[in-house]
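Protein sequence lines, in the order shown, are assigned to chains A and B. Residues in the first sequence are numbered from 1 upward in steps of one, following UniProt numbering. Residues in the second sequence are numbered from 1 upward in steps of one, following UniProt numbering. Glycine included, C-beta positions come from ideal geometry on N, C-alpha and C. One structure below.
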Amino acid sequence: MIKKGFGWLYTGIIFIFLYAPIAVLMLMSFNKSQYNSLPFQFSTRWYKDLANDQTLIDASLTSIYIAAVTAIFCVILATMLMLWIVQTKSKWKKWIDSLVILPLTIPWLILGLALLLLLNFLKLDKNYFVLLIGHIIVSLPYTVMVIKARLQSLDLTINEASASLGANEWTTFRKITLPLLFPAMLAGGFLAFVISFDNFILSYFLIPSGHSTLPIEIYSSIKFGFTPVINAVSTIILAGTTIVILFIIMVMKASLKYLFK
Amino acid sequence: MNKKFWLVSPPVLLLIAFCVIPLFIMVYFSFLSDGADPHLTLSNYLDFFQKGFYLKLTWKTISTSLIVTIICILIGYPMAYIMAKVINSGKTIILIAIIIPFWTSQLVRAYSWQNLLRDGGILEMILRKFHLIGSEPLGILFTQTAVIIALVHIFFPYMVITIYMSLEKMDHSIIEASKSLNAGPFTTFWRIILPLSKPGIISGSILVFVPSLGVFVEPRILGGTKGSVIGTVIEDQFFEIYGWNFGAAIAFILLMIVLISIAILSKFAKEEV
Numbered sequence: 001m002i003k004k005g006f007g008w009l010y011t012g013i014i015f016i017f018l019y020a021p022i023a024v025l026m027l028m029s030f031n032k033s034q035y036n037s038l039p040f041q042f043s044t045r046w047y048k049d050l051a052n053d054q055t056l057i058d059a060s061l062t063s064i065y066i067a068a069v070t071a072i073f074c075v076i077l078a079t080m081l082m083l084w085i086v087q088t089k090s091k092w093k094k095w096i097d098s099l100v101i102l103p104l105t106i107p108w109l110i111l112g113l114a115l116l117l118l119l120n121f122l123k124l125d126k127n128y129f130v131l132l133i134g135h136i137i138v139s140l141p142y143t144v145m146v147i148k149a150r151l152q153s154l155d156l157t158i159n160e161a162s163a164s165l166g167a168n169e170w171t172t173f174r175k176i177t178l179p180l181l182f183p184a185m186l187a188g189g190f191l192a193f194v195i196s197f198d199n200f201i202l203s204y205f206l207i208p209s210g211h212s213t214l215p216i217e218i219y220s221s222i223k224f225g226f227t228p229v230i231n232a233v234s235t236i237i238l239a240g241t242t243i244v245i246l247f248i249i250m251v252m253k254a255s256l257k258y259l260f261k
Numbered sequence: 001m002n003k004k005f006w007l008v009s010p011p012v013l014l015l016i017a018f019c020v021i022p023l024f025i026m027v028y029f030s031f032l033s034d035g036a037d038p039h040l041t042l043s044n045y046l047d048f049f050q051k052g053f054y055l056k057l058t059w060k061t062i063s064t065s066l067i068v069t070i071i072c073i074l075i076g077y078p079m080a081y082i083m084a085k086v087i088n089s090g091k092t093i094i095l096i097a098i099i100i101p102f103w104t105s106q107l108v109r110a111y112s113w114q115n116l117l118r119d120g121g122i123l124e125m126i127l128r129k130f131h132l133i134g135s136e137p138l139g140i141l142f143t144q145t146a147v148i149i150a151l152v153h154i155f156f157p158y159m160v161i162t163i164y165m166s167l168e169k170m171d172h173s174i175i176e177a178s179k180s181l182n183a184g185p186f187t188t189f190w191r192i193i194l195p196l197s198k199p200g201i202i203s204g205s206i207l208v209f210v211p212s213l214g215v216f217v218e219p220r221i222l223g224g225t226k227g228s229v230i231g232t233v234i235e236d237q238f239f240e241i242y243g244w245n246f247g248a249a250i251a252f253i254l255l256m257i258v259l260i261s262i263a264i265l266s267k268f269a270k271e272e273v
């Protein structure tokens, strides 16, 4: 059928647009030339350079540490929030819903500088505490979204059944709700991890001087003349996040259709 | 008062203390004068509105976001339509393949266009091979065009997904009914399908237009000196010039533009749906 053929052709063009820059970047990370020039000569030289680049390794470790803490807090906070939201009849529910979405509406640039001004207002130096809070605030809406999708796909009368059989609330949570929610908590946590790991803007504004995260290092390398090592580290980031995202999608398969509601 | 308030109060207090209150503090700083003895003043805002440079910049930011949004609708709509109505198999895989780059680092994806677009880069070589350009350099990198290309690349999955959702929800029998009443495919599309997918287009537009207003990384990396927008000027105020109070004022103006755009677009969505 012509219509279908055309449909696939268009899909193909869109995918070239989506993936060509990424593919070129990955290819260039294996190119020997310092200036990304062609013809292509295979080399793993930039990955070896990367392995010896202590600044980039330290920055990556900082990023991983921040992302891990962010993910744990996002899961706990999002679960608390969602457990409340599904069972509440409070008139505050609408307000709280919009409050949680707020960090999605405000450009991260503004959030970052507002937190920086908060520190200035309190006469405090930049510190990891506020940096982490910034990361938690911008990642939380995504974790909430994932956990909410899962909760909407669940039959919550099962909780009432448990209660009617004499289980107290804590037992019901531990034995029924938690196991059912666990995949979404895991997926939401990984999502928060990815968002925090990739987050450049909040870190850029709030990182204590003398420290840096991987995205900050990448940004300054790009700004002050590019180096192929950045191609290599970007390739690793892209491959890593893709694996994590695929994992999240697999875990969330059943409730995926609730994700955009 | 709900008896489980302890569940909701930690996240809510966190958001109020570190998201809402800082915004008010930002507004406070935007009314402060510089110097050793700061006092309340309107001068930051007067500076902004009296200098043609900043007004032009504001317009440039808004128009860039508008162009990005329109391009996203134009190329995203057919993609969503194909997924919802034309092909039957492989939908999930296409959807996943569209979402994945969207979750990968925005910084890395902006940077990835540098390799492709720069003079003497891959795109130039390909175009020259097919004799689409002569021997002159491509001249796209470090222009507004490069910024627009990267922003479309970053935000258009939003548009595809929201339009796809609205098309998918559509009752197919309406389209059949339109056909049985002898409406041609164009009429059916224009009178039935497009109006019914309007909510998807509008929520997609919010998700593309609003974040485009606040970018500064893409203009910085791909726009060069021609790429300045409100975001890059705010960055300059905080990291180069140290005019924090003026930066806060610009940020507040940007925030107002964001909120007004959301209000206008949401109003569109409520009309005659």
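Asked: Check the DSSP bridge columns for residue 197 of chain A and list the partner residues they point to.; Found: DSSP output for residue 197 of chain A lists no bridge partner at all.
Asked: Does residue 82 of chain B come within less than 8 Å of chain A when only Cβ atoms are used?; Found: yes
Asked: For the segment 157-239 of chain A, list the alpha helix (DSSP H) runs that are entirely contained and at least 4 residues long, ordered along the chain.; Found: 157-164, 169-172, 178-198, 201-206 and 214-223
Asked: Name, in chain order, the residues that DSSP records as bridge partners for residue 32 of chain B.; Found: B/40
Asked: Residue 122 of chain A: which of B/235, B/18, B/125 and B/45 sits nearest, CA to CA?; Found: B/18
Asked: Any residues in the segment 176-198 of chain A with a beta carbon nearer than 7 Å to a beta carbon of chain B? Which ones, in chain order?; Found: 194 and 198
Asked: Starting from the C-beta of residue 107 of chain B, find all residues in its chain whose C-beta is less than 7 Å away, skip the five residues before and the five after it, and write them out in chain order.; Found: 217
Asked: Show which residues of chain B have a CB atom less than 8 Å away from the CB atom of residue 15 of chain A.; Found: 97
Asked: Determine the contact status of residue 163 of chain B and residue 112 of chain B, defining contact as a CB-CB distance below 8 Å.; Found: no
Asked: Taking 8 Å as the cut-off, does the segment 65-84 of chain B touch the segment 163-172 of chain B (at least 3 CB pairs, one atom from each stretch)?; Found: yes
Asked: Quick check on DSSP: helix, strand or coil for residue 121 of chain A?; Found: helix
Asked: Using a Cβ-Cβ distance under 8 Å, would residue 62 of chain A count as near chain B?; Found: no
Asked: So which residues of chain B does residue 243 of chain A contact, with C-beta pairs closer than 7 Å?; Found: Going along chain B, no residue has its Cβ under 7 Å from residue 243 of chain A, so there is no contact; the nearest lies around 10 Å.
Asked: Given that residue 4 of chain B touches chain A, what residues does it touch there, using C-beta distances under 7 Å?; Found: 84
Asked: Return yes when at least one heavy atom of the ligand PLP lies under 7 Å from the C-beta of residue 105 of chain B, else no.; Found: Only the bare structure without any ligand can be found here, which leaves the ligand PLP out of the picture.
Asked: Between the C-alpha atoms of residue 38 of chain B and residue 32 of chain B, what's the straight-line distance to the nearest angstrom?; Found: 6 Å
Asked: Tell whether a beta-carbon distance below 8 Å holds between residue 194 of chain A and residue 244 of chain B.; Found: no
Asked: Would you please verify whether the beta carbon of residue 199 of chain B is less than 8 Å from any beta carbon of chain A?; Found: no
Asked: Closer than 8 Å, Cβ to Cβ, to anything on chain A: give me those residues from the segment 53-71 of chain B, in chain order.; Found: none
Asked: Of all the CB atoms in chain A, is at least one closer than 8 Å to the CB of residue 166 of chain B?; Found: no
Asked: Give every residue of the same chain whose Cβ lies closer than 8 Å to the Cβ of residue 307 of chain A, excluding the five residues on either side of it in the sequence, and list them in chain order.; Found: Residue 307 of chain A cannot be examined here, being either before or after the span of chain A that is shown, 1 to 261.
Asked: With a Cβ-Cβ cutoff of 8 Å, do residue 94 of chain A and residue 208 of chain A count as a contact?; Found: no
Asked: Considering only the beta carbon of each residue, do residue 196 of chain A and residue 71 of chain A sit closer than 8 Å?; Found: yes
Asked: Quick check on this structure: which residue in B/21, B/22 and B/56 has the alpha carbon closest to the alpha carbon of residue 230 of chain B?; Found: B/56
Asked: Any idea which residues DSSP pairs residue 31 of chain A with across the strands?; Found: A/42
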